[in-house]
Each structure stands twice: as structure tokens, then as C-alpha cells.
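In our numbering, the protein residues as written are 548 to 969. Ideal placement from N, C-alpha and C gives every residue a C-beta, glycine not left out. Predicted model only: the values in this text are computed from it and were never measured.
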Amino acid sequence: MSFDAIVGGQWGDEGKGKIVDLLSKNVDVVARYQGGANAGHTVYLEDKKIVLHQIPTGALREDCVCVLGNGMVIDPIGILEEINKLKELNIRVNNRIYIDYFSHIVTPIHKFIDRSNEAKTNNEIGTTCKGIGPTYVDKYKRIGLRAVDLLSNSDLQDKMDKRLKFALDNNEISNEAVKDLKEEFKLFYHACDKISIYIKDTFEFLHNALKKNVLIEGAQGTLLDVDYGTYPYVTSSNCSSGGIGTGLGLPGSKLNEITGIFKAYTTRVGGGPFPTELFNEDGQTLGHIGKEFGATTGRPRRCGWFDLVAAKYSAKVNGLTSIAITKLDILNSFKTIRVCTHYDVNGKKIKNMTEALNNLDIVKPIYKEFSGWNTEIENIDNFESLPESAQEYIKYLELEIGVKISIISIGPKRHQIILRNK
Ligand code: GDP
Ligand code: IMO
Ligand code: MG
548 MSFDAIVGGQ WGDEGKGKIV DLLSKNVDVV ARYQGGANAG HTVYLEDKKI
598 VLHQIPTGAL REDCVCVLGN GMVIDPIGIL EEINKLKELN IRVNNRIYID
648 YFSHIVTPIH KFIDRSNEAK TNNEIGTTCK GIGPTYVDKY KRIGLRAVDL
698 LSNSDLQDKM DKRLKFALDN NEISNEAVKD LKEEFKLFYH ACDKISIYIK
748 DTFEFLHNAL KKNVLIEGAQ GTLLDVDYGT YPYVTSSNCS SGGIGTGLGL
798 PGSKLNEITG IFKAYTTRVG GGPFPTELFN EDGQTLGHIG KEFGATTGRP
848 RRCGWFDLVA AKYSAKVNGL TSIAITKLDI LNSFKTIRVC THYDVNGKKI
898 KNMTEALNNL DIVKPIYKEF SGWNTEIENI DNFESLPESA QEYIKYLELE
948 IGVKISIISI GPKRHQIILR NK
């Protein structure tokens, strides 16, 4: 019996997909509690790369039921594409994908509003344009469409007509643009019909599943959390572990382990402050060797050194009980590796994130240097066989964060993993 969670510790894309895939091996249910198709979680089945956006990564383990919780915003067109992709891979989907009744629905109108907001602000936030923000706005405005509305054609049509009228009355969209979206609306209604068989009340199912093994899959990362992240350059949900209670109806008090996923360095995609961002050759090398391009939008990810100030904050916000460090192999060729230990804000040395959170764009990182290991580590299978300087780097991070680093990932494939005893 276990109830564990995986959350992103940084600005997303930490390698959550790979770690969820690893930890879902003996799990009965994998559930997501927030976000939607803005996520891009990469896993490898043998040599085949698979990117999942809305369906939890547990989908690749056939014994596992996948729940898309009420806290998510569901894009029917995207879900149908993912279901078809799983079917093509000969992965069974029947009776193992549950979309909660009360999850909110992303429509072509929401995606249009997202795109036009981005165009108007010259991509200031740099959203994924998947309609995430506008759909959560509707949820909190109490005018949203929910999965349960898809179960009756007339309810769906009524609500869509109402929402479209609201959008036209409030100049969110023009009649001209609505005409241009004709094909997308068709696809939307078709997808709503097709996915309706997966829509269920998941509450009792999830509570019963707590008698077995349940794994929660976070999307995005703590610094993108709408409350605890680098607001307003955030996503529109609570991606930190606090979102689990509201996004699935499972109380946090029942959680056993909360594992934070961190890259051995840092990346961020989209706008917003990033204290350790590198604009030099090191940054380019991290991006190049790390193949740092967004799994959802293909945009290049901004790269920088590991940020301990942010990581310590993230450990506190999430109540982390363990950590997985990914992409340690990407540091193989660096002579010197840096870790930001403090921020300098106008000459003041700061160690607590909240003191700087509103001033992150003027922060200067203060670094501690480590020597690199300059050797390949991709095929090592135990901690003691890692080069000494790599061990030193890991031990330093865990000592400073104060949370055990129990998993180290050294390549994108399933077997490229080092597990350490608790
Ligand atoms: P997620 O959104 O947190 O699931 O992460 P993404 O899938 O967006 O991005 C992580 C990328 O890093 C993917 O391309 C993974 O295949 C890759 N990856 C994960 N762990 C490792 C690792 O330890 N080493 C290397 N080289 N790649 C990794
Ligand atoms: P995974 O789950 C990295 C970023 C976007 C943008 C901001 C708001 O793969 O780690 P949104 O479309 O959510 O309104 O965009 O959040 N963002 C992510 N960055 N990984 C993600 O997901 C992200 N999901 C959203 O780039 O800066
Ligand atoms: Mg991703």
C-alpha cells in the first residue's frame, strides 16, 4: 500500500515523465491533478520516444489505471489524439483511462483567446497557447464547461452557444475568427463524442485505490505554480504538491512520499525571470548536449546552473521527502560546474527565495564552483561507481537542500538510472 507523488521542483521539464515511468512499475493507479496539454512528458519504450501531454505517463504500464483529475483542464481534441497514439502502440486503453466528471474543458474558444492574448502582449508570458489560462479563468469565473457536460449533446451545445455568445459580446473573438475556427469546432465536437466513454466519477475509485498503490504525477514545476512561482510568469494551476488535495480530492495527510524532480542544472521555457540563466557558451553547451527543446512547443529552453535558493524553497513548498536528480550525464564534459548558493539583490546577500521573489530580474547569483568529472557516466549502475566529483556534487546538493537524493538519472532510457538506499 503506497500513496506517493512526483512533482517538478524547478520550471518544468525536469524529467518527470521518465521518473513516473520508473516508479509506476508496480503501481495500480497513476493520477494527474492539474494542468493539461501544456505538459509534455517524455518516456522511452525501448528505443521509441513517446511524449504524453494529458494522459498520465503510467499509461505505458498496462496494469495501471490512469486518472485525469478534476483539477485538470482537458483538451478533448488532444486527448483523442493521445488515445489513438496509445492504440497505435498496441497499448490497451479501455477501462484504464478515467477523466473526472468535474475536470474543466478546453474549447477552441479558449485556445483562440490564449493565442490572441499572447499576440497582443508580444508573447510576454510565452504560454504554450493550449488554452490553459483562459480555461482556468472560466473555472474561477464560474462559467466553465466541465467533462460532465459532454455526456449530454444538448447540454454541451447549450453551454458552447452560451460561451461563444459571451466571447463575442466581450470582444474575446470576432465573427470572422469564429468562421475561421469552423473546422476546429467540428474536430472538437467529434472528439467530445469520442472521449465521453472515458468520463467518470473518480472520487470513490481514488479513495478505494488508496488501499493499493497510487502514484500522483505533477505537471509543470514549482516555480511555475500560480501561488508559489514567479508570478505573473507562471502557469494557471497549483503544480506544487498543494494542488493534489483540490485537484483529485485526495487529502495530502495521506501521502507517504513526495519526490521532487530536479535537473542537475536548470532550464526554463517561455518568459519570466531566471536568476542563473547563462548567456555564454556554457548555456549553449547545456542546451545543445541536453537537447533542450520544449516537448510541447519545440521552443528552445533557456539554460543555466543549478539554483539552490530556488531548490530549497521548492523542497519547503512541496514538503519533499526525497529527490530525483535527472540529466547528470549532461554535465559530463564541463570542466567547472557552478551552483548558485545565494542571490545578491542590490548588494544584499539573500538565501531565502521569498525575499527575492519579487525582484528576481535584478538578482545576481552567487556561485560555488565544483570540478567536473570529464568522463561518461551513462552506463554506471551504482552511486559508488560514479566519479568522485559527481558523487561530491550530489552529496553537496542533498546536504544543502536537506532532502535525500534517492534517484539519479544518467540518460533518457529506462535502464539509465541509479537508485540509492533511503
Ligand atoms: P517532463 O516534462 O518533466 O516530463 O520532462 P520533458 O520530457 O519535457 O523533458 C525532459 C527531457 O530529458 C526528455 O527529452 C527526456 O527524454 C530527457 N531525459 C530525462 N532524464 C534524462 C537523463 O537523465 N539524461 C538525459 N540525457 N536525458 C534525460
Ligand atoms: P511539463 O509538465 C515547462 C510554461 C510556458 C509558459 C508558462 C505558462 O512538461 O514540465 P501555459 O501554457 O501553462 O499558460 O504557459 O508555463 N509551461 C511549461 N514549461 N514545462 C511545462 O510542462 C510547462 N507548461 C507550461 O512555457 O512560460
Ligand atoms: Mg515537459
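- Within the region 903-937, the beta strand (DSSP E) runs of at least 3 residues that lie entirely inside it are, in chain order, 911-918.
- In this model, Val892 and Thr883 are separated by some 25 Å (Cα to Cα).
- The region 691-701 makes no contact with the region 757-764: fewer than 3 CB pairs, one atom from each, lie closer than 8 Å.
- With contacts defined as CB atoms closer than 8 Å, Ala694 and Ile621 qualify as a contacting pair.
- For His657, there is no enclosing beta strand (DSSP E); the enclosing alpha helix (DSSP H) covers residues Pro655 to Lys667.
- Looking at Glu947, Gln767, Met900 and Ser800, the one whose alpha-carbon comes closest to that of Tyr580 is Gln767.
- Cβ-Cβ distances below 6 Å link Trp920 to Pro934, Ser936 and Ala937 in the same chain, with the five nearest sequence neighbours on each side left out; the list follows chain order.
- DSSP places Val773 outside both helix and strand once states are collapsed to three, so it counts as coil.
- For Gln557, the number of other beta carbons within 10 angstroms of its own is at least 16, and it is reported as buried.
- Not a single heavy atom of the ligand IMO lies less than 7 Å from the C-beta of Val684.
- As computed with DSSP, Lys896 is found in a beta bridge with Asp891.
- Residues of the same chain with a CB within less than 6 Å of the CB of Val598, apart from the 5 flanking positions on each side, are Gly587, Thr589 and Ala842 in chain order.
- Rounded to whole angstroms, Lys898 and Glu635 show a C-alpha spacing of 50 Å.
- Taking non-hydrogen atoms of the ligand IMO into account, the C-beta of Lys688 is found less than 7 Å away from none of them.
- Per DSSP, the unbroken beta strand (DSSP E) holding Phe809 starts and ends at Glu804 to Lys810.
- For Lys810, the closest alpha carbon among the candidates Asp854, Pro822 and Asn637 is that of Asp854.
- Listed as beta-bridge partners of Ser549 by DSSP are Asn760.
- Of the candidates Met548, Tyr591, Lys596 and Gly555, the residue whose Cα lies closest to the Cα of Asn573 is Met548.
- Its Cα nearest to that of Leu795, the residue Glu764 stands out among Glu764, Asp772 and Tyr778.
- Distances from the CB of Glu561 to the heavy atoms of the ligand GDP include at least one below 7 Å.
- By a beta-carbon distance limit of 8 Å, Val614 contacts Ala578. Their separation comes to about 4 Å.
- DSSP, read as helix, strand or coil, puts Arg885 in strand.
- No heavy atom of the ligand IMO is found nearer than 7 Å to the CB of Val620.
- Going by C-alpha positions, Gly673 is about 19 Å away from Glu719.
- Per DSSP, Gly830 is one residue of the alpha helix (DSSP H) stretching across Glu828 to Ile836.
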